[in-house]
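A short write-up of the structure that comes next.
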Amino acid sequence: MQLDRALSRTSRRLIVTLFIGQGLALVALFTTVAISSIAGVQLAGVERVAGWPSTATLIGGSLAAYPIGRLMGRFGRRIGLSIGYIVGISGGLLAGAAMLLRSFPLFLAAMVLLGASRAAADQARYAAADVSPAHLRARAVSLVVSAGTIGAIIGPALTPIAGRLSEALGADKLVGPWFANAALFVITLLFVSIFLKPDPRDVARDIARHERAAATQPDRSAAPDAPARSFGQIVRGDVSVRVALIALALAQVTMVMLMNITPVHMTHFEHGLEDISFVISLHILGMYALSIVTGWISDRWGRRLTIGLGALMLIGACVLAPTNPDTLPLAASLFLLGLGWNFCFVAGSSLLTDRLRVNERARIQGAADLVVSVSSAIGSLSSGELMASVGYQSSATIGIGLAIIIAAATLASARMPLQTVEV
0 MQLDRALSRT
10 SRRLIVTLFI
20 GQGLALVALF
30 TTVAISSIAG
40 VQLAGVERVA
50 GWPSTATLIG
60 GSLAAYPIGR
70 LMGRFGRRIG
80 LSIGYIVGIS
90 GGLLAGAAML
100 LRSFPLFLAA
110 MVLLGASRAA
120 ADQARYAAAD
130 VSPAHLRARA
140 VSLVVSAGTI
150 GAIIGPALTP
160 IAGRLSEALG
170 ADKLVGPWFA
180 NAALFVITLL
190 FVSIFLKPDP
200 RDVARDIARH
210 ERAAATQPDR
220 SAAPDAPARS
230 FGQIVRGDVS
240 VRVALIALAL
250 AQVTMVMLMN
260 ITPVHMTHFE
270 HGLEDISFVI
280 SLHILGMYAL
290 SIVTGWISDR
300 WGRRLTIGLG
310 ALMLIGACVL
320 APTNPDTLPL
330 AASLFLLGLG
340 WNFCFVAGSS
350 LLTDRLRVNE
360 RARIQGAADL
370 VVSVSSAIGS
380 LSSGELMASV
390 GYQSSATIGI
400 GLAIIIAAAT
410 LASARMPLQT
420 VEV
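As structure tokens, then:
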């Protein structure tokens, strides 16, 4: 189905705006991603707290995901994203102040705020889905997800520059990146506040009405005025939503768990920081760089098939990673791990949006992101314990089991008829 020309132009412009805004937000966040654990250890004076900043970030994301979704549902995507960026500004400033004041508790509070800002920024992909017709939805989601490539390249490159600037001003080199983080969030806030108009929520209603009038889109998004259902009603009543949630959550656990323990595994084989950085860089590339291809596959071949392919990639990564500790095989395995996550993430996000009414989307998507955030926290917190207790290979085997569940759920759902909704 083709939208009318004016609506189509608005849709394309908003998707580009969301892509640029997400790129700016992730540059801000990735500027400090490499130094948070170092800063935490420096402030606390003990290495055992190295994982605490990351955990605080995950807690912040978990706490914010659902409220920010409800906020977007009530006041619109632009307001919700803007509030998230303001929280990010506050987090960056607070972290910089914590470094100057040498306060570890203040630093952890800042990490919670930055985690909340990431949760808000990640919902930009759903805003892109809002402004796209169903047959182009995954490509819109994937374009916004691909902005992570910009963040992954530019953000870490700004870290040493900001560090040198803070040293030139007489402060510790770990102070500057946090204030750079805040400054970048200011730019993001201004950009989105000015250019993300009309609000994607309003455009979504126009598209849903257009699709309903054309009688070509019998899914949930074609019923913008139908009563909103609760999260429980939707999950119990729609197998596709259950598949989307399983894909999003279990792919996240698998990815985070193996990603976190691979650097430790590499140190056991005397790999240096250069090798470890190379492997993680390839992993991040897999997570984001091919997102547009993923979106095309999902729109062309279907969400469930794309999720199934992602599950197979996750299985392949978990099988291959323990077999060879050399740098290149591990880099290939971690790239495949990131790509499998990307397939599940893009297609799962698109499938979830396909099955929701317009007046349900922001709230239910926030609840879904809460599930993903909690899953990420579980993967992060359990990874070290699993590595210490059962080792790298057994941890990867657990990842295989989780990916098999994704594949099985997708295969089982393919045998069931697609539910319709009474409107």
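287 is the number that numbering that gives the first Met the number 0 gives to position 288 of the sequence shown; each next residue is one higher, with no gaps.
Think of the CB as a built atom: it goes at the ideal place given N, C-alpha and C, for glycine as much as any other residue.
Take alanine 151 and list the residues in its own chain whose beta-carbon comes closer than 7 Å to its own, dropping the five residues that flank it on each side. Along the sequence shown, one-based indexing puts residue 151 at 152. Phe29, Ile283 and Tyr287.
For serine 280 and arginine 211, what's the separation of their Cα atoms in angstroms? As a position in the sequence shown, residue 280 is number 281, starting the count at 1. As a position in the sequence shown, residue 211 is number 212, starting the count at 1. Each residue's Cα considered, the two are about 44 Å apart.
Straight-line Cα distance separating isoleucine 275 from leucine 327: Here residue 327 refers to the residue found at position 328 of the sequence shown. Here residue 275 refers to the residue found at position 276 of the sequence shown. Distance from the CA of leucine 327 to the CA of isoleucine 275, rounded to the nearest whole angstrom, comes to 11 Å.
At the 8 Å Cβ level, is glycine 337 part of the contact set with chain B, yes or no? The question asks about chain B, but that chain is absent: this structure has only one protein chain.
How should alanine 167 be labelled, buried or exposed, when 16 other C-beta atoms within 10 angstroms of its C-beta is the threshold for buried? Your numbering for residue 167 matches position 168 in the sequence shown. Alanine 167 comes out exposed.
Assuming contact is defined by CB atoms lying nearer than 8 Å, are arginine 354 and aspartate 237 in contact in what I supplied? Numbered from 1 along the sequence shown, position 355 holds the residue referred to as residue 354. Numbered from 1 along the sequence shown, position 238 holds the residue referred to as residue 237. Result yes, Cβ atoms of arginine 354 and aspartate 237 sit closer than 8 Å.
Leaving aside the five residues before and after aspartate 129 along the sequence, list all residues of the same chain whose C-beta is less than 6 Å from its C-beta, in chain order. On the sequence shown, position 130 is the one that residue 129 refers to. Correct list, in chain order: Pro199 and Ala203.
When we look at the beta-carbon of valine 143 and count the other beta-carbons within 10 Å, is it buried (16 or more) or exposed? Locating residue 143 in the sequence shown gives position 144, counting from the first residue. Valine 143 should be labelled buried.
Under three-state DSSP, which class holds valine 431? An answer regarding residue 431 cannot be provided, because it is not within the stretch 0 to 422 covered by the chain.
I believe threonine 352 touches valine 242 by the beta-carbon criterion, under 8 Å. Please report the beta-carbon distance rounded to the nearest angstrom. Position 353 of the sequence shown, counted from the start, is the residue given in the question as residue 352. Position 243 of the sequence shown, counted from the start, is the residue given in the question as residue 242. The Cβ separation is near 13 Å, so there is no contact.
Over what stretch of residues does the alpha helix (DSSP H) that includes valine 143 continue unbroken? To locate residue 143, count along the sequence shown from 1; it is residue 144. Residues 136-167.
Report all residues from its chain with a CB closer than 8 Å to the CB of proline 52; omit the five preceding and five following residues, and keep chain order. Stepping through the sequence shown from its first residue, residue 52 is reached at position 53. Cβ within range, chain order: Ser35, Ser36, Ala38, Gly39, Phe106, Leu107 and Met110.
Rounding to the nearest angstrom, what Cα-Cα distance links serine 388 and alanine 406 in this structure? Counted from its first residue, the sequence shown places residue 388 at position 389. Counted from its first residue, the sequence shown places residue 406 at position 407. Serine 388 and alanine 406: Cα-Cα distance of roughly 27 Å.
8 Å contact criterion, which alanine 395 and proline 321 should meet: CB distance rounded: Start at 1 with the first residue of the sequence shown, and residue 395 comes out as number 396. Start at 1 with the first residue of the sequence shown, and residue 321 comes out as number 322. Correct: roughly 5 Å between the Cβ atoms.
Take alanine 115 as the anchor and find which of Asp171, Leu304, Val48 and Ile67 has the nearest alpha-carbon. One-based indexing of the sequence shown puts residue 115 at position 116. Checked all of Asp171, Leu304, Val48 and Ile67; the closest Cα to alanine 115 is Ile67.
For alanine 227 and alanine 413, I'd like the C-alpha separation in whole angstroms. For the purposes of this step, residue 227 is identified with residue 228 of the sequence shown, where counting begins at 1. For the purposes of this step, residue 413 is identified with residue 414 of the sequence shown, where counting begins at 1. Each residue's alpha carbon lies about 26 Å from the other.
Once DSSP output is grouped into helix, strand and coil, what is the label at alanine 227? Residue numbering aside, residue 227 sits at position 228 when the sequence shown is read from its first letter. Looking at alanine 227 - three-state DSSP - the assignment turns out to be coil, as it is neither helix nor strand.
Work out the CA separation of leucine 380 and serine 348 for me, nearest whole Å. As a first step, residue 348 is located in the sequence shown; it is residue number 349 there, counting from the start. As a first step, residue 380 is located in the sequence shown; it is residue number 381 there, counting from the start. Distance between the alpha carbons of serine 348 and leucine 380: 24 Å.
Which value, in whole angstroms, describes the spacing of the CA atoms of serine 220 and arginine 76? Locating residue 220 in the sequence shown gives position 221, counting from the first residue. Locating residue 76 in the sequence shown gives position 77, counting from the first residue. With a pLDDT of 44 at serine 220, under the threshold of 50, the predicted position of this residue should be treated as unreliable, though the coordinate-derived value follows. Distance between the alpha carbons of serine 220 and arginine 76: 17 Å.
Please determine, among Val292, Val174, Met258 and Ile153, the residue with the shortest C-alpha to C-alpha distance to valine 140. Along the sequence shown, one-based indexing puts residue 140 at 141. Here the closest residue by C-alpha is Val292.
To the nearest angstrom, report how far apart asparagine 323 and methionine 254 are at their CA atoms. Translated into positions along the sequence shown, residue 323 becomes position 324. Translated into positions along the sequence shown, residue 254 becomes position 255. Going by the C-alpha atoms only, they are around 19 Å apart.
Would you decide whether valine 278 is buried or exposed? Buried here means 16 or more other CB atoms lie within 10 Å of its CB. Taking the first residue of the sequence shown as 1, we reach residue 278 at position 279. The residue is buried, with at least 16 neighbouring Cβ atoms inside 10 Å.
Euclidean distance between Cα positions of leucine 308 and asparagine 341: Residue 308 sits at position 309 when you count from the first residue of the sequence shown. Residue 341 sits at position 342 when you count from the first residue of the sequence shown. In a straight line, the C-alpha of leucine 308 is about 10 Å away from that of asparagine 341.
Given leucine 336, which residues of its chain have a CB within under 8 Å of its CB, disregarding the five upstream and five downstream residues? For the purposes of this step, residue 336 is taken as the residue at position 337 of the sequence shown. Cβ neighbours of leucine 336 beyond the five flanking positions: Thr253, Met254, Leu257, Met258, His282, Gly285, Met312, Leu313, Ala316, Cys317 and Ala320.
Assign threonine 16 to buried or exposed, taking buried as 16 or more other Cβ atoms, counted over all protein chains shown, within 10 Å of its Cβ. In the sequence shown, the residue the question calls residue 16 occupies position 17. Its Cβ being crowded by 16 or more others within 10 Å, threonine 16 is buried.
Alpha helix (DSSP H) segment containing leucine 17, residue limits: The residue you call residue 17 lines up with position 18 of the sequence shown. The continuous alpha helix (DSSP H) containing leucine 17 extends over residues 4-29.
Could you give the DSSP three-state label for isoleucine 34: helix, strand or coil? Indexing the sequence shown from 1 puts residue 34 at position 35. Correct three-state label for isoleucine 34: coil.
Ignoring anything shorter than 4 residues, give me the alpha helix (DSSP H) runs that lie fully in the stretch 70-132, in order along the chain. 76-100, 103-121 and 123-129
Identify, in the order they occur along the chain, each residue of the same chain with its Cβ nearer than 8 Å to the Cβ of threonine 56, setting aside the five sequence neighbours on each side. On the sequence shown, position 57 is the one that residue 56 refers to. Same-chain partners within the cutoff: Ser35, Met110, Val111, Leu113, Gly114 and Arg117.
Enumerate in chain order the residues of its own chain whose CB-to-CB distance from isoleucine 434 is below 7 Å, with the five nearest sequence positions on each side excluded. Here the chain covers residues 0 to 422 and nothing more, so residue 434 does not appear.
For the stretch 76-87 against the stretch 181-191, are there 3 or more C-beta pairs whose distance is under 8 Å? yes
For histidine 134, does the count of other Cβ atoms within 10 angstroms reach 16, so buried, or fall short, so exposed? Translated into the one-based positions of the sequence shown, residue 134 becomes position 135. Answer is exposed; the Cβ neighbour count stays below 16.
Aspartate 274 - DSSP class collapsed to helix/strand/coil: Counted from its first residue, the sequence shown places residue 274 at position 275. Helix.
Give the secondary structure of histidine 267 by DSSP, where H, G and I count as helix, E and B as strand, and everything else as coil. By 1-based counting over the sequence shown, the position of residue 267 is 268. Coil at histidine 267, not helix or strand.
Taking only three categories from DSSP, how would you classify glutamate 359? The count along the sequence shown starts at 1 and reaches residue 359 at position 360. Glutamate 359 falls in the coil class under three-state DSSP.
For a test of the three-state rule: what should DSSP assign to asparagine 323, helix, strand or coil? To locate residue 323, count along the sequence shown from 1; it is residue 324. Note: asparagine 323 maps to coil in three-state DSSP.
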